[in-house]
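Asker:
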Amino acid sequence: MDRVLDPEFRALLRRGRRVAVRAVGWALTAQFGLAAGVVAADELRKRRSPRSEHQAPADNPRHTTVGQDEITTYTYGEVLYEDMLAAIDEAQHFVYLASYIWKGDQVGQRFKDAVVRAAGRGVLVCVVYDGFANLVVPSAFKKFPRGVHVLGFPVIRSGIPLVDVRRTGRDHRKILVVDGTVGFVGGYNIGSLYATEWRDTHLRVRGPGVWELQNSFVDFWNRHHRRGLPDLPDSGSGHWNPSVRAARNEPSRLIYPVRALYLEAMDRAQHRVWITQGYFIPDKEILEGLLAAARRGVDVRVILPEWSNHVLADVVARSYWATLLEGGVHLHLYRNVMVHAKTATVDGEWATVGTANIDRLSLRGNYEINMEIVDPAQAGRMEEIFRRDLEACRELTLEEWQERPRYYHLLEQALRPLEPLL
Ligand SMILES: O=P(O)(O)OC[C@H](O)CO
């Protein structure tokens with residue numbers, strides 16, 4: 001105690017604290033400087049090889065029937081958007097549309113026109129977009145006529161996010177529900193780029209499973225809409241079908257079941273775990289799940305873009321590749337086209353398609369929704385799609401990865417601490 005009061009010792013402590021604060025400051029500056037440098041270098045690379053030279057494969061949708069639900073799986077945006085727009089144009093009672101990104105471009109305008117038309121003929125129209133994800137979209141585009149009810153999920157929310165987790169998370173969902181009879185969900189945001197240049201996956205559900213999507217929309221809307229917007233009827237469902245279910249991450253209710261969905265499915269796998277992801281930064285338990293499956297002889301494969309549109313996410317993701325490859329996980333790099341799908345299939349029995357990436361933001365951060373379908377026909381379709389995608393990929397070998405330049409390895413380690421932000 002005497003020593004604490006000793007002025008010399010206190011001066012020493014003060015100096016130590018100053019040095020520590022400065023060191024942390026320099027480390028953070030260096031790390032963010034490095035991150036900025038990597039982003040700038042990637043911009044140069046993109047300018048040299050514009051992605052628009054590359055088109056996603058224009059595959060037709062695939063259909064299955066699961067119990068009383070008709071499931072259509074889309075892997076090409078242009079076809080999906082036409083069907084979504086047709087569904088909105090056919091709406092008679094309500095249109096619920098949530099899109100994390102809603103670009104103010106040609107495709108975005110077509111969706112806007114469609115919902116305005118629906119509202120004009122007396123259909124109840126409620127739309128949600130994420131304020132942060134659409135900061136770059138002109139505000140004029142985000143203004144709708146009075147008949148369209150709009151929830152722009154605020155960029156800044158009340159409360160202190162670090163103290164109250166319920167106040168955190170972006171609305172990352174992409175859902176369309178029309179009249180309770182047809183629903184769409186998956187990785188596609190709304191925008192022209194995604195129509196032809198990105199490889200993504202979306203589902204259309206027709207049948208009682210639509211309730212899963214409708215319920216997610218209604219619950220979110222009723223919890224988050226501002227005063228003046230209508231409450232939506234919350235119907236409940238008499239239909240209990242374990243084969244077609246939605247898992248919804250909801251920070252405001254402290255539930256993150258999509259992560260559990262992946263962990264449980266990997267744990268059960270005996271033959272195949274085939275995952276397709278745009279941004280793949282597995283946390284400790286997901287990584288353990290993949291490696292454990294590979295150890296017991298399961299064929300574990302992940303399709304990823306060779307380069308995604310987020311270079312920092314790429315670099316941090318790559319810091320796990322050596323561990324994955326050494327553990328027997330196969331990595332397939334999709335060439336030239338951005339793969340943005342958030343899907344997985346296990347043993348030809350189970351499949352998920354949704355909005356959640358395998359990264360911290362999606363699995364422990366955002367509002368997300370993934371359909372879980374336990375059915376050999378749908379899982380078979382997803383396996384067909386996976387095999388088809390493999391043709392556009394090259395497999396990365398451990399030897400090749402070990403030969404990457406030393407500086408690249410250092411970059412991965414230096415940027416890995418950014419993982420909680422991704
Ligand atoms: O957040 P996601 O998965 O919808 O992806 C969004 C794109 O990265 C936009 O740049």
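Those letters in the sequence shown? Residues 1 to 422, per the UniProt record's numbering, in order. The beta carbon of each residue, even a glycine, is placed where N, CA and C say it ideally should be.
#1: Is it true that the CB of Val150 sits closer than 7 Å to the CB of Phe144?
#2: Under 7 Å, do Gly354 and Met371 count as touching if we go by C-beta distance?
#3: Should Asp200 go down as buried or exposed, given a rule of 16 or more other Cβ atoms within 10 Å for buried?
#4: Output the residue ranges of the beta strand (DSSP E) runs that lie fully inside the region 346-413 and measure 3 residues or longer, sorted by chain position.
#5: Classify His172: buried if its beta carbon has 16 or more other beta carbons within 10 angstroms, exposed otherwise.
#6: If you measure between the beta carbons of Ser99 and Tyr74, is that distance less than 7 Å?
#7: Can you find a heavy atom of ligand 1 that lies under 6 Å from the Cβ of Asn336?
#8: DSSP state of Thr168, grouped into three classes?
#9: Looking at C-alpha atoms only, which residue of Arg22, Gly209 and Leu287 is the closest neighbour of Asp359?
#10: Determine the direct distance from the alpha carbon of Gly16 to that of Glu264, and round the result to whole angstroms.
#11: With which residues is Gln277 paired in a DSSP beta bridge?
#12: Quick one: using the 10 Å Cβ neighbour count with 16 as the cut-off for buried, is Arg387 buried or exposed?
#13: Given Asp69, which residues of its chain have a CB within under 6 Å of its CB, disregarding the five upstream and five downstream residues?
#14: Beta carbon of Tyr188: closer than 6 Å to some heavy atom of ligand 1?
#15: Whole angstroms is fine: what's the gap from Leu176's alpha carbon to Asp164's?
#16: Under a Cβ-count criterion, where at least 16 other Cβ atoms within 10 Å of its own Cβ denotes burial, should Pro7 be classed as buried or exposed?
#17: Can you say whether Arg301 is buried or exposed, counting buried as having 16 or more other CB atoms within 10 angstroms of its CB?
#18: Could you tell me whether the region 267-282 touches the region 236-251, using the rule of 3 or more Cβ pairs below 8 Å?
#19: Give the straight-line distance between the Cα atoms of Gly365 and Arg259, rounded to the nearest whole angstrom.
#20: Could you spell out where the alpha helix (DSSP H) holding Arg416 opens and where it closes?
#21: Who pairs with His332 in a beta bridge, going by DSSP?
#22: Between Gln270 and Asp347, which are expected to be in contact by the criterion C-beta below 8 Å, what is the C-beta distance as a whole number of angstroms?
#23: With Ile373 and Ala344 assumed to form a contact (beta carbons below 8 Å), what rounded beta-carbon distance in angstroms separates them?
#24: Is the Cβ-Cβ distance between Gly187 and His54 less than 7 Å?
#25: Cβ-heavy atom distance between Tyr100 and ligand 1 below 6 Å?
#26: Within the present structure, is the beta-carbon of Asn222 separated from the nearest heavy atom of ligand 3 by less than 6 Å?
Answerer: Once the coordinates are examined:
#1: Here residue 144 refers to the residue found at position 144 when the sequence shown is read from its first residue. Here residue 150 refers to the residue found at position 150 when the sequence shown is read from its first residue. Going by C-beta atoms, Phe144 is nearer than 7 Å to Val150.
#2: Against the sequence shown, residue 354 aligns to sequence position 354. Against the sequence shown, residue 371 aligns to sequence position 371. Contact flag set, yes.
#3: The sequence position of residue 200 within the sequence shown is 200, counting from 1. Under this definition Asp200 is a buried residue.
#4: 350-354, 368-374 and 393-396
#5: Residue numbering aside, residue 172 sits at position 172 when the sequence shown is read from its first letter. Buried, by the Cβ-count rule.
#6: In the sequence shown, residue 99 corresponds to position 99, counting from 1. In the sequence shown, residue 74 corresponds to position 74, counting from 1. Going by C-beta atoms, Ser99 is not nearer than 7 Å to Tyr74.
#7: Taking the sequence shown and counting its residues from 1, one reaches residue 336 at position 336. Not so, every heavy atom of ligand 1 lies at least 6 Å from the Cβ.
#8: Counting from 1 along the sequence shown, the entry for residue 168 is found at position 168. DSSP places Thr168 in coil when its eight states are reduced to three.
#9: Start at 1 with the first residue of the sequence shown, and residue 359 comes out as number 359. Cα-wise, what sits closest to Asp359 is Leu287.
#10: Taking the sequence shown and counting its residues from 1, the one referred to as residue 264 is at position 264. Taking the sequence shown and counting its residues from 1, the one referred to as residue 16 is at position 16. Looking at the two C-alpha atoms, the distance is approximately 48 Å.
#11: Residue numbering aside, residue 277 sits at position 277 when the sequence shown is read from its first letter. Gln277 is bridged to Lys342.
#12: Taking the sequence shown and counting its residues from 1, one reaches residue 387 at position 387. Exposed, by the Cβ-count rule.
#13: To locate residue 69, count along the sequence shown from 1; it is residue 69. Here the set comprises Val205, Gly207, Gly209 and Val244.
#14: Stepping through the sequence shown from its first residue, residue 188 is reached at position 188. For ligand 1, not one heavy atom lies less than 6 Å from the Cβ of Tyr188.
#15: For the purposes of this step, residue 176 is taken as residue 176 along the sequence shown, with counting starting at 1. For the purposes of this step, residue 164 is taken as residue 164 along the sequence shown, with counting starting at 1. Cα to Cα, the separation comes out at about 30 Å.
#16: For the purposes of this step, residue 7 is taken as residue 7 along the sequence shown, with counting starting at 1. Pro7 comes out exposed.
#17: Within the sequence shown, numbered from 1, the residue matching residue 301 stands at position 301. With 16 or more other Cβ atoms within 10 Å, it is buried.
#18: no
#19: On the sequence shown, residue 365 is found 365 positions in, with the first residue counted as 1. On the sequence shown, residue 259 is found 259 positions in, with the first residue counted as 1. Taking the straight line from one Cα to the other gives about 11 Å.
#20: Taking the first residue of the sequence shown as 1, we reach residue 416 at position 416. Run containing Arg416: none; DSSP gives neither H nor E here.
#21: In the sequence shown, the residue the question calls residue 332 occupies position 332. Paired residue(s): Ile303 and Glu395.
#22: Reading the sequence shown from its first residue, position 270 is the one you call residue 270. Reading the sequence shown from its first residue, position 347 is the one you call residue 347. 6 Å between Cβ atoms; contact.
#23: Residue 373 sits at position 373 when you count from the first residue of the sequence shown. Residue 344 sits at position 344 when you count from the first residue of the sequence shown. 11 Å between Cβ atoms; not a contact.
#24: Position 187 of the sequence shown, counted from the first residue, corresponds to residue 187. Position 54 of the sequence shown, counted from the first residue, corresponds to residue 54. No, the Cβ-Cβ distance between Gly187 and His54 is not below 7 Å.
#25: Start at 1 with the first residue of the sequence shown, and residue 100 comes out as number 100. Answer for Tyr100: yes, Cβ within range of ligand 1.
#26: The model on display carries ligand 1 but not ligand 3.
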